[in-house]
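With full-length UniProt numbering, letter number 334 in the sequence shown gets 334, and the count goes up by one each step, no holes. For reference, the structure discussed in these notes is given below.
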Amino acid sequence: MTETKNPARRIRLGMVGGGQGAFIGAVHRIAARLDDRYELVAGALSSKPDIARASAAELFIAPDRSYDSFADMAKQEAAREDGIDACAIVTPNHLHFPAAMAMLDAGIHVICDKPLCLNVEEAELLAAKVRETGLLFALTHNYTAYPMVREARQMVRDGKLGDIRLVQVEYPQGWMATRVEDTDNKQAHWRADPAKAGMGGALGDIGTHAHNLADFVTGLEISELCADIDAIVPGRKLDDNVQILLRYDNGARGMLWASQVAIGHENGLRLRVYGDKGGIEWAQEHPNHLHFRPLDGRPELMTRGGAGIGSAGLRGVRVPPGHPEGYLEGFANLYTDFADQLIARITNGKADPASMLIPGINEGVKGMKFVEAVVRSSQRGAVWVSF
C-alpha cells in the first residue's frame, strides 16, 4: 500500500466484522470517530455477502469497497493508492488470527478486539508476523485507557503505594445465568461455542480483561496460579465462572474472579491494589473516581480531571469533572493513541511517548498464555502451575 506523507487527512480505516446485529463493531466505529481522526472507508462486515453489503450501505461505504471476505479486502485495499491505513478486527475470536494475518501480510496496520486469538500457537505466530513486518498492532483492552486507570498505574510507578503486597481484581456479570445461548442472542451464541470462542468462556471474554487490567496497573508478573473454573449452568460447553489465586514474582499475592452467572451484576469490573504505603480502588461502573488510602494520611477520593491529577490521568479527559466519561471514551483513547503513532509513522515523525500505553501484541500473547495456564491448572484439579 502506498502511504501518503500528508498528515492533513483522517486515517483511512477498514473493518472486518461489525455488521448488522453486532455490538462491538458499533463501539469501535464510535470510538474511531470521537476525536475525528478516522474515516471508515472499507469493510468486510459480515461473512454473509448480503448482510455485508447492506451493512456497508448503512455506513455509507462505497459499494466497490464492501468486500465478501477479509482476504479480498486486504488484497484489493493494499493495491489502491487510497487504500486503508489500518483495519479494525471486531469478529468472534476464531477469526481474529486469519484476519489479522491477512492484513499484516498486505502491509496494513491492525487494531484487534480482545482476546488476541484462540490459543498460544496462533498468538506466537501473530507476534512473529508483527515483528517481521514492523507494523503497528493494537489490542483493544479498553479499560486500560480510562483516565483514572492510567492515573492509578502512574501512582504505582511513582511509589505512592510502596511495595505491592496484594492484588484483588474481579469482573462479575449476570447476563448468562440461564442458557441464553439457546435463544436468538447472537452475542451469547458464539461466546458459548468452543469453536468460535476458544478454550475459555467467561475466562476468555472477561477474565482476560481482569488479568490485563491488574497487569497494566501494577506492572507485576504472575509467577504461579491456581485456578478453579466451571460451567455452572448445566450443559454449557465453556466456563461461566472463574476463581484464581495468583502469586506474583515480587512475592505479592492476588485473587481474580470472573463470572457471567453472578445475577444482579452488569459489568462490575473492580481492581484493588495494596502496598506497604497505601491502597487504591477503582470500579468500572464508577470510572471517574479513584480511591487512594495512604497508610499515614486521610483517604482521598480522586476525580477524573480534578485537582491533583497527573499528566497520565489528564491525557484522555475530554470534558470537565462531573460530566461522566467511560466505556466509549476508553475505546476512543486507544484509537487516538493509535492514530498518534500511525501519523508519526506516515510523516516520519516521533509519536508522543504518552501514546505508547496501548496494549499490543505482547499483551495479546500474555493473555493467551494466561488462559492456557488457567485451564491447565483447573483440569489438573486446581493445582498450582507456573505461568
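Backbone N, C-alpha and C fix where the C-beta goes; we use that ideal spot for every residue, glycine too.
Can you grab the Cα-Cα spacing for the pair residue i / residue j, in whole Å?
{"i": "Leu139", "j": "Asn93", "result": "13 Å"}
{"i": "Glu281", "j": "Thr91", "result": "32 Å"}
{"i": "Arg179", "j": "Gly235", "result": "8 Å"}
{"i": "Arg65", "j": "Gly21", "result": "20 Å"}
{"i": "Phe70", "j": "Arg80", "result": "15 Å"}
{"i": "Val385", "j": "Glu224", "result": "5 Å"}
{"i": "Ala339", "j": "Arg380", "result": "44 Å"}
{"i": "Lys5", "j": "Val167", "result": "At Lys5, the pLDDT of 38 sits below 50, so the modelled position is not reliable; the number obtained from the coordinates is stated separately. Cα to Cα, the separation comes out at about 46 Å."}
{"i": "Gly18", "j": "Asp50", "result": "14 Å"}
{"i": "Ala32", "j": "Met255", "result": "34 Å"}
{"i": "Leu45", "j": "Gly251", "result": "46 Å"}
{"i": "Arg153", "j": "Phe216", "result": "7 Å"}
{"i": "Leu104", "j": "Gly360", "result": "14 Å"}
{"i": "Gly268", "j": "Glu285", "result": "6 Å"}
{"i": "Val233", "j": "Glu181", "result": "11 Å"}
{"i": "Gly278", "j": "Leu290", "result": "13 Å"}
{"i": "Gly198", "j": "Ala227", "result": "18 Å"}
{"i": "residue 388", "j": "Pro287", "result": "Missing from the structure shown is residue 388; the chain here goes from 1 to 387 and no further."}
{"i": "Arg315", "j": "Pro147", "result": "7 Å"}
{"i": "Phe292", "j": "Ala262", "result": "27 Å"}
{"i": "Ala188", "j": "Ala177", "result": "11 Å"}
{"i": "Ala26", "j": "Ile61", "result": "14 Å"}
{"i": "Arg318", "j": "Val149", "result": "15 Å"}
{"i": "Phe331", "j": "Ala382", "result": "35 Å"}
{"i": "Asp205", "j": "Ala192", "result": "10 Å"}
{"i": "Val273", "j": "Thr218", "result": "8 Å"}
{"i": "Lys237", "j": "Arg157", "result": "41 Å"}
{"i": "Pro194", "j": "Asn119", "result": "12 Å"}
{"i": "Ala8", "j": "Asn348", "result": "14 Å"}
Within a Cβ cutoff of 8 Å, which residues of the same chain sit near residue i, ignoring the five residues on either side of it in sequence?
{"i": "His265", "result": "Pro172, Gln173, Gly174 and Ser259"}
{"i": "Ala78", "result": "Met1, Ala106, Gly107 and Ile108"}
{"i": "Gly306", "result": "Pro321"}
{"i": "Met356", "result": "Asp337 and Gln341"}
{"i": "Pro63", "result": "Arg53, Ala56 and Ala57"}
{"i": "Leu328", "result": "Val27, Ile30, Ala31 and Leu34"}
With a CB to CB cut of under 7 Å and the five nearest residues on each side skipped, what residues in its chain are close to residue i?
{"i": "Asp276", "result": "Gly162, Asp163 and Arg165"}
{"i": "Asp239", "result": "Gly200, Gly201, Ala202, Leu203, Ile229, Asp230 and Ala231"}
{"i": "Ile358", "result": "Ala138, Leu334, Asp337 and Phe338"}
{"i": "Glu122", "result": "Phe97"}
{"i": "Leu245", "result": "Leu225, Cys226 and Met255"}
{"i": "Pro294", "result": "Lys277 and Gly278"}
{"i": "Ser378", "result": "Ala227, Asp228 and Ile229"}
{"i": "residue 416", "result": "This structure cannot speak to residue 416, because the chain is shown only from 1 to 387."}
In the DSSP assignment, find the unbroken alpha helix (DSSP H) run with residue i in it and report its ends.
{"i": "Trp190", "result": "Lys186 to Arg191"}
{"i": "Ala26", "result": "Ile24 to Leu34"}
{"i": "Met73", "result": "Phe70 to Ala79"}
{"i": "Ala210", "result": "Thr208 to Thr218"}
{"i": "Gly51", "result": "Checking the sequence, you will find Ile at residue 51 rather than Gly. Segment Pro49 to Glu58, the alpha helix (DSSP H) holding Ile51."}
{"i": "Ala195", "result": "Pro194 to Ala197"}
{"i": "Val273", "result": "Run containing Val273: none in the alpha helix (DSSP H); it sits in the beta strand (DSSP E), Arg270 to Gly275."}
{"i": "Arg12", "result": "Where Arg12 is concerned, there is no enclosing alpha helix (DSSP H), although the beta strand (DSSP E) it sits in stretches over Ile11 to Val16."}
In terms of residues, what are the limits of the beta strand (DSSP E) holding residue i?
{"i": "Ile346", "result": "Segment Tyr327 to Ile346 is the alpha helix (DSSP H) holding Ile346; no beta strand (DSSP E) there."}
{"i": "Asp239", "result": "Element bounds for Asp239: n/a, residue is neither H nor E."}
{"i": "Phe292", "result": "His289 to Pro294"}
{"i": "Ser386", "result": "Trp384 to Ser386"}
{"i": "Arg315", "result": "First-last for Arg315: undefined, no H or E at that position."}
{"i": "Gly43", "result": "Tyr38 to Ala44"}
{"i": "Ala258", "result": "Arg253 to Ser259"}
{"i": "Met302", "result": "Glu300 to Thr303"}
{"i": "Ile89", "result": "Ala86 to Ile89"}
{"i": "Gly364", "result": "Gly364 -> not in any beta strand (DSSP E); alpha helix (DSSP H) instead, spanning Ile361 to Gln379."}
{"i": "Gly278", "result": "Gly278 to Ala283"}
{"i": "Ile229", "result": "Ile222 to Asp230"}
Between residue i and the ligand FMN, is the CB less than 8 Å from at least one heavy atom?
{"i": "Leu238", "result": "The ligand FMN is not part of the structure shown, which contains no ligands of any sort."}
I think residue i touches residue j, with their Cβ atoms under 8 Å apart; what is that distance to the nearest whole Å?
{"i": "Tyr143", "j": "His209", "result": "6 Å"}
{"i": "Ala86", "j": "Ile111", "result": "6 Å"}
{"i": "Ile374", "j": "Val242", "result": "According to the sequence displayed, residue 374 carries Val and not Ile. Confirmed, about 7 Å."}
{"i": "Glu151", "j": "Met302", "result": "7 Å"}
{"i": "residue 389", "j": "Ala102", "result": "For residue 389 there is no data in the structure shown, the boundaries of the chain being 1 and 387."}
Can you name, in chain order, every residue of its own chain whose Cβ lies under 6 Å from the Cβ of residue i, other than the five neighbours on each side?
{"i": "Arg270", "result": "Glu170 and Ala283"}
{"i": "Glu221", "result": "Asp249"}
{"i": "His141", "result": "Lys114, Asn212 and Pro359"}
{"i": "Tyr38", "result": "Arg10, Ile11, Leu13 and Ala32"}
{"i": "Glu300", "result": "Phe292"}
{"i": "Arg376", "result": "Val385"}
{"i": "Ser311", "result": "none"}
Using a Cβ-Cβ distance cut-off of 9 Å, determine whether residue i contacts chain D.
{"i": "Asn93", "result": "Judged by its chain identifiers, the structure shown contains no chain D, having just a single protein chain."}
Open item on the list: What ranges does the beta strand (DSSP E) occupy inside the stretch 97-139, keeping only unbroken runs of at least 3 residues that lie completely in it?
Closed with: The qualifying runs are 109-112 and 137-139.
- [ ] List in chain order: all unbroken beta strand (DSSP E) runs of 3+ residues lying wholly within the stretch 150-179.
- [x] Listed in chain order, the beta strand (DSSP E) runs fully inside the stretch 150-179 are 164-172, counting runs of at least 3 residues.
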